[in-house]
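Enquirer:
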Amino acid sequence: MLKIDEIITDELTSLNDRERVKHKKREVGIFYPSESMQCQRKIYIGVVQPGRKTQKMPLGLFHMAKLAEESVIKCVQNKPGICVQEQVRLVKEISPDVTIHGYIDFTTLDDDGNTTGVYEIKSVGNLSYVGKATEAKLHHRSQLQCYLQTLGCNKGGIIYIERGDICKVKQFDDTLDPDLWGRIKTHFSELSQYMKDREIPPPMPIEEWECGYCEFKDECKEERKELGLKLNSLSKK
Ligand code: SF4
2 MLKIDEIITD
12 ELTSLNDRER
22 VKHKKREVGI
32 FYPSESMQCQ
42 RKIYIGVVQP
52 GRKTQKMPLG
62 LFHMAKLAEE
72 SVIKCVQNKP
82 GICVQEQVRL
92 VKEISPDVTI
102 HGYIDFTTLD
112 DDGNTTGVYE
122 IKSVGNLSYV
132 GKATEAKLHH
142 RSQLQCYLQT
152 LGCNKGGIIY
162 IERGDICKVK
172 QFDDTLDPDL
182 WGRIKTHFSE
192 LSQYMKDREI
202 PPPMPIEEWE
212 CGYCEFKDEC
222 KEERKELGLK
232 LNSLSKK
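Structure follows, in structure tokens:
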């Protein structure tokens with residue numbers, strides 16, 4: 002008999018390895034939109050020590066998230082009259098010291114091929130993650146903002162879906178936001194400078210949740226104590 006459990010583990014491990022190779026080496030000044038408005042130190046360590054994870058996502062969960070996202074795109078593609086472009090590659094220099102690289106989940110196009118909407122899908126364990134919020138999470142809004150700004154498109158949506166039931170969906174629409182874009186550019190420029198100087202940024206998450214999911218939380222905890230910084234964000238272990 003085939004050992005299906007071993008086959009699944011092998012297949013997902015090799016998929017994961019291929020993803021890691023893609024992210025293996027990066028030049029200074031290249032960032033992913035998903036890194037915008039997140040702890041600079043976390044990104045820095047991930048770049049200078051490729052292979053060290055900054056977020057722990059089990060292999061199977063990662064794969065289920067991918068499948069859920071593909072299902073959403075298929076549903077939109079099947080709707081007559083909507084032209085969908087998926088996995089849109091993005092490479093754009095946003096300042097002399099910062100270039101962003103990424104893939105947009107999908108965009109919609111008009112008959113002339115112009116982008117009419119930009120969409121980012123986020124799969125979550127439970128939609129209560131967004132609760133009664135009136136806008137998407139800051140780091141997700143920032144990611145979408147990178148796409149909107151670089152494509153010059155004023156219509157975007159962040160779609161949260163439950164991994165276990167993709168009929169459970171919540172969408173937040175967004176538009177170009179010059180203030181947020183300014184913060185994102187400053188955030189990446191500062192990080193680029195830290196990388197040029199080979200200086201590790203201080204352990205300062207932008208939002209509290211980051212430390213709880215970060216592999217470096219123990220290292221940072223001591224340093225934050227030494228620096229006398231607030232430990233709020235590290236208290237949820
Ligand atoms: S533990 Fe927190 S402060 Fe330290 S690198 Fe991770 S997110 Fe940043």
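The sequence shown begins at 2 in the numbering used here and counts up by one. Note that CB positions come from ideal geometry on N, CA and C, so glycine has one too. In this text the structure is predicted, and so the values were computed from the model without any measurement.
1) Is it the case that the Cβ atoms of proline 206 and glutamate 224 are separated by a distance below 7 Å?
2) Note down, one range per segment and in chain order, each beta strand (DSSP E) of at least 3 residues found wholly within the region 126 to 207.
3) Would you identify the three-state DSSP class for glutamine 39, choosing helix, strand or coil?
4) With hydrogens ignored, establish whether the beta-carbon of cysteine 221 is closer than 6 Å to any heavy atom of ligand 1.
5) Per the contact definition of three or more C-beta pairs closer than 8 Å, is the region 164 to 172 in contact with the region 180 to 196?
6) Under the three-state reduction of DSSP, which class applies to phenylalanine 107: helix, strand or coil?
7) Would DSSP call glycine 82 helix, strand or coil?
8) What span of residues does the alpha helix (DSSP H) with tryptophan 30 cover, start to end?
9) Quick one: Cα of glutamate 136 to Cα of glutamate 208, how far?
10) I need the DSSP call for lysine 4, collapsed to helix, strand or coil.
11) Would methionine 196 and valine 92 qualify as a contact pair, given that the criterion is a beta-carbon distance under 7 Å?
12) For the pair the region 97 to 117 and the region 126 to 140, tell me if three or more CB-CB distances fall below 8 Å.
13) Inspect the beta-carbon positions of histidine 141 and lysine 123 and report whether they are closer than 7 Å.
14) Glutamate 121 bridges to which residues according to DSSP?
15) Would isoleucine 159 and leucine 145 qualify as a contact pair, given that the criterion is a beta-carbon distance under 7 Å?
16) Around ligand 1, which residues pass a check of Cβ closer than 5 Å to any of its heavy atoms?
Expert: Per the coordinate set shown:
1) no
2) 157 to 163, 166 to 175
3) coil
4) yes
5) no
6) strand
7) coil
8) Going by the sequence as given, residue 30 is glycine instead of tryptophan. That residue, glycine 30, is in no alpha helix (DSSP H); it is neither H nor E in DSSP.
9) 16 Å
10) coil
11) no
12) no
13) yes
14) Ile159
15) yes
16) Cys40, Arg42, Lys43, Pro204, Pro206, Glu211, Cys212, Cys215, Phe217, Lys218, Cys221
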